[in-house]
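Data block below; observations after.
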DNA sequence: TTCCCCTCT
DNA sequence: CTAAAGAGGGGAA
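Residue numbers (the working numbering): 3 to 599.
Have a look at this one:
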């Protein structure tokens, strides 16, 4: 697939509902590209869908993969490779097939539009109406709202455009958690080892229950769903299959308020997988979906078709894993969640930008108080303290930014490792100050503290095993040994020792040049070079210095030339009625679109 | 290993 | 007119 083609869907999504407007067809697509580029790193872009943010990176990756594939297969007789791969694959497949275990009956249950259903219980008037739970972002849409295209994760203002009648309902978290507990308790009757997967779904192994109660799986699950409904008035959908992955996929089959029982039969399972879009497989996300699509794999059945390529590119795609997926083989072990092995614990707070040292310290203290009580509650202590702060909204800075830019988050972290175990508020506050004070004066809008290099005060004896979710196989024993309790020398890095990110390589000579929207200098048009330039031009350090300068000196007036550039943008925006939501954050990986003449 | 940064919910 | 907070992990020295 062409990379440009790959970003088409992204571009459309970014452009929003007005994309199809008549009369602008060709122009619009160019403009859309601009919006896409400009939106990169924007709040809208990030909040609405991570797929978009990743889009360009994925495109690059795809390019690399296709290049690699072509290199690998050039000079190689694909026919012959396929034959030899067939051998590998068939050996592999029969080995995998022999691993297949159909002896356990696994159930995945999933409450139907959980938040929305609970809200209906609290306010029956909502029944049948298009409403959504959430405020700025939709958490859950009622089924009536879904008909309009309203979906979870969607910004409210977009949802309202799709469905002007949409009623927004605020979260009632405590209700959700109460209901969730009730449902989980009911499910546990069918398998005491039940494994919740979030507040509205979970896994069960009902093999024993069925045997003990002389029940079929369908009957058992129907029984469970009836019990849930009788006791909570919530409907639940379920999938019955020989493993977790299949059960999860199956619970979606007859949603809402239904159940689906996959035949426990190798052939039936393989044919079930055959037409299943690979995206539906738990663990295959947007990125993997696109990568696989680039080599022609859209369904689980396609895995077999493209086994030659996959075998050549085992490193990139993981042949065995995909073959298992194709066969519908996965873990069937349901265990209660393991005791969590935390890597860090922290707290942070956002507030109106503060410049006053004492006020900032007050906030820091607040954070410390919270962190201390969290650490006390969960019984953790640690040795490394990381301070995090966000600079205030970036306005009237020394940089020339387009008028629509009014929000830039600049996040900084400063860390220090100690010889002692830290968990007392006083210690947290002292170290927090130590890290923060050298940074001031600064106007900041967030302050946070996080403790890492943890030690479990409950002296966990059970070496917790990583939760095997969907797949068997060697879960990498990545656990690092606990830090010894011996006192170690404290390492305090000098502020001056902080290195700036080295500038990227200079761009190769390019005939065409454009004006960098940040520094106003001419920059090579070629994408990579342009991005390299932006990276250095917008390095944290550079912005930070500018920020410091801007907070003491009045904002530098834009040079006419740079103003012109953004005036052009404004014009484009106006003439095409485009909403440019937010503009690149300082780190935005902006693809360069030549400015219209 | 340590620190800083980025990414993913 | 767009979430905030919390966590994991990787690169660079």
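Every residue, glycine too, gets a C-beta built ideally from N, C-alpha and C. Keep in mind that this is a model prediction, so the values were computed, not measured.
1) Please classify residue 244 as buried or exposed, where buried requires at least 16 other C-beta atoms within 10 Å of its C-beta.
2) Taking 8 Å as the cut-off, decide whether the C-beta atoms of residue 107 and residue 297 are in contact.
3) Among residues of its own chain, excluding the 5 on either side of residue 119, which ones have a beta-carbon nearer than 6 Å to its beta-carbon?
4) The alpha helix (DSSP H) that contains residue 354, what's its start and end?
5) Measuring alpha carbon to alpha carbon, tell me which residue in 65, 383, 362 and 153 is nearest residue 350.
6) Drop a sphere of 10 angstroms on the beta-carbon of residue 390, count the other beta-carbons inside from all chains shown, and report buried for 16 or more, exposed for fewer.
7) Touch check for the stretch 79-99 and the stretch 149-159: three-plus C-beta pairs under 8 Å?
8) With contact counted as at least three CB pairs below 8 Å, one residue from each stretch, are the stretch 442-460 and the stretch 375-386 in contact?
9) Keeping to the same chain, check which residues put their C-beta closer than 6 Å to that of residue 190; ignore five residues upstream and five downstream.
10) Rounded to whole angstroms, what's the CA-CA distance from residue 433 to residue 424? Just pull it up for me.
11) Pull up the distance between the alpha-carbon of residue 234 and that of residue 262, whole angstroms please.
12) In terms of residues, what are the limits of the beta strand (DSSP E) holding residue 455?
13) DSSP has residue 112 in a bridge; who is on the other side?
14) Are the beta-carbon atoms of residue 431 and residue 356 separated by less than 8 Å?
15) At which residues does the alpha helix (DSSP H) containing residue 435 begin and terminate?
16) Nearest-angstrom Cα distance between residue 330 and residue 266?
17) Rounded to whole angstroms, how far is the Cβ of residue 70 from the Cβ of residue 185, which I believe are closer than 8 Å?
18) Pick helix, strand or coil for residue 76, following the three-state DSSP scheme.
19) By the three-class DSSP mapping on this structure, what secondary structure does residue 81 have?
20) Specify the secondary structure class of residue 161 as computed by DSSP and reduced to three states.
21) So for residue 137, helix, strand or coil by DSSP?
22) Below 8 Å between beta carbons: does that hold for residue 272 and residue 294?
23) Run the CB neighbour count on residue 211, radius 10 Å, all protein chains shown included, and call it buried at 16 or more, exposed below.
24) Would DSSP call residue 170 helix, strand or coil?
25) What whole-angstrom Cβ distance do residue 142 and residue 117 have, given they're in contact under 8 Å?
26) Using a Cβ-Cβ cut-off of 8 Å (strictly less than) and excluding sequence neighbours within five positions of residue 218, which residues of its own chain qualify?
27) Which residues in the same chain have their Cβ closer than 7 Å to the Cβ of residue 601, if we skip the five residues on either side of it in sequence?
28) To which residues of the same chain is residue 199 closer than 6 Å at the C-beta, ignoring the five residues directly before and after it?
29) DSSP three-state call for residue 318: helix, strand or coil?
30) From the DSSP output, read off the bridge partner residues of residue 387.
31) Mapping DSSP to helix, strand and coil, what is residue 263?
32) Within this structure, are the beta carbons of residue 344 and residue 455 separated by less than 8 Å?
33) For my contact list, residue 302 and residue 278 are in at a C-beta cut-off of 8 Å; report their separation, rounded to the angstrom.
34) In this structure, what does DSSP give as the bridge partners for residue 197?
Reading it off the structure:
1) buried
2) no
3) The answer, listed in chain order, is 236.
4) Counting along the chain, residue 354 falls outside any alpha helix (DSSP H), though it belongs to the beta strand (DSSP E) covering 346-356.
5) For the residues 65, 383, 362 and 153, the minimum Cα distance to residue 350 belongs to 362.
6) buried
7) no
8) yes
9) Excluding residues within five positions, the ones whose Cβ falls inside 6 Å are 196.
10) 10 Å
11) 22 Å
12) Element bounds for residue 455: 446-458.
13) Residue 112 is bridged to 203 and 239.
14) Judged by beta-carbon spacing, residue 356 lies beyond the 8 Å limit of residue 431, meaning their Cβ atoms are not closer than that value.
15) 427-438
16) 11 Å
17) Incorrect: roughly 47 Å between the Cβ atoms, too far for contact.
18) coil
19) Here DSSP, grouped into helix, strand and coil, assigns residue 81 to helix.
20) Note: residue 161 maps to helix in three-state DSSP.
21) coil
22) Against a cut-off of 8 Å, the Cβ pair of residue 294 and residue 272 comes out as no contact.
23) By the neighbour-count rule (16 or more Cβ atoms within 10 Å), residue 211 is buried.
24) strand
25) That belief holds up - the Cβ atoms of residue 142 and residue 117 are roughly 4 Å apart, short of 8 Å.
26) 212
27) Outside the shown range of the chain, which is 3 to 599, sits residue 601, and nothing can be said about it.
28) none
29) helix
30) 418 and 453
31) strand
32) no
33) 5 Å
34) 205
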